Every structure is written in structure tokens, then in C-alpha cells.
Amino acid sequence: MNSNKNLDSPYSLNFPPFIIGLTFLIIGMITYFNLVKEINTMKTIFSIIFMISGVLEILFSVRNKSIFTNWKWSFSFGLLTYIIGILLISEPFTNQDITSFYIGIYFIFRAIFSINFGIEFFERNSSSAYIMIGLGFLLIFLGFSLVWLPTRLVNFIPYLDGTSFLISGFLIFYIYNSVRKFTQNINHQPVYN
């Protein structure tokens, strides 16, 4: 993060992550409680959510590249999210193993992204780093479970997906709320020559 830049507006920092986090929390509850029983409907919902969140992540990173020094990671992650959404929607009748593989890969990369932010906050002596890193490792575990064990955990896939979406949505809210608080503290500090 580049701490000597000022924000253009508060919405440039919070609006896309708020939408992504809220969407992931909603889709996590829908998946966790298995409200949509048809697997093809769930894949379509996942693909649309991934494409929209990928575009929002790309817009967020490009708009805030003057604030973040690692904005390219956010841009790359948004591009990866969009590509996973395209892959899921291009093959609407794939089996559950391939869908779990794509979703697991997404959550592994989301966790690495969260751990990266956690390490950056740890270097700045922030107490929120521990929550980011801890939930990131939990998300890595869930992502690898979706990638490597989809046939053994076939009865638990909705719970793994739902839990992963809920953790990911919470992490998105938590990371960007921490970034917002951090930048507000920097913007309100007196500047000395």
C-alpha cells in the first residue's frame, strides 16, 4: 500500500469490495442451506457471480492503483476470477468434480490474496493481520479439499462450498474495512515539512 496518496472518494475504496463480499455471503448462505437443488443452476449462479466479482475486482484495482503498490495482484486476481466464471459458464453440463476443482482453485487463490494482505498488515503492526492470515489458511484447507477430494466428500460439497463462500465474503469485508481504517488514519495524520 502506498500510504502517501490521498483517496479520491470513499466510494472508490469500498464500493466494489462491499458488493463482492455481500454477494459471496448471500451465495454462501444459499449454497450452505442448499436452497438450489439443481447442480446446473448452481454452476450458472457461480459462474455469473465469478464474472461479476472479477469485473468489480478489476475495476477496483485499476481505479485505486495510485493507492496500492500491489494493485497488479488485485488486477490479476480479478482476471482469474473472471476467467473461472467464463470456464464455468462455457461448460454448463460438466460434472460436479470439475466444478469443485474450479471453485477450489478460486478459493486457494483468494486465500493467498488474503494472506498477502495479512502479511502486509502484520508488517504495519496491525492486530487484524492475525484474523486475515488465520482465515486465509482455513480457506486454503477448504479449497484443497474441494480440489483433491470431491468424490469422497460428495455429500458435503454444498457445506464446503457454502462455508468457503461465507469465509471468503467475510474476508473481503474484513480486509477492505481494515484497509479503509488504515487509510483514514493516514489521511488524518498531520503532515510536517
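Oh and the sequence shown: position 143 is 143 in UniProt numbering, straight run, nothing missing. Glycine included, each C-beta is placed from N, C-alpha and C at the ideal position. Please read these numbers as outputs of a predicted model, since none were measured by experiment.
C-alpha of Asn95 to C-alpha of Leu149: approximately 14 Å in a straight line. Distance from the CA atom of Tyr106 to the CA atom of Gln184, rounded to whole angstroms, is 30 Å. From the listed residues Ala111, Ile84, Thr69 and Phe109, the smallest Cα separation to Ile98 is found for Ile84. Just measuring C-alpha positions, the residue of Ser66, Lys43, Glu123 and Leu160 sitting nearest Val147 is Leu160.
Lys181 counts as exposed, since fewer than 16 other C-beta atoms from the protein chains shown sit within 10 angstroms of its C-beta. In the three-state scheme derived from DSSP, where H, G and I count as helix and E and B as strand, Asn116 is classed as helix.
Spatial neighbours of Trp71 in its own chain (CB-CB distance under 6 Å, excluding positions within 5 residues in sequence) are listed in chain order as Ser61 and Lys65. In its chain, beyond the 5 residues on either side, Phe46, Leu146 and Asp161 have a beta carbon closer than 7 Å to the beta carbon of Ile103. Of the residues Phe15, Ile30, Ile140 and Phe137, the one whose Cα lies closest to the Cα of Ile58 is Phe15. DSSP places Phe33 in no alpha helix (DSSP H); its state is neither H nor E.
Rounded to the nearest whole angstrom, the CA to CA distance from Leu142 to Ser164 is 7 Å. With at least 16 other beta carbons inside 10 angstroms of its own, Thr31 counts as buried. Ranked by how close their Cα comes to the Cα of Asn116, the residues Thr69, Leu153, Leu79 and Thr81 have Thr69 in first place. Measuring C-alpha to C-alpha distances from Phe77 to each of Arg110, Ile86 and Ile48 identifies Arg110 as the nearest.
The residues Phe109, in chain order, have a CB closer than 7 Å to that of Leu80 in the same chain once the five nearest residues on each side in sequence are set aside.
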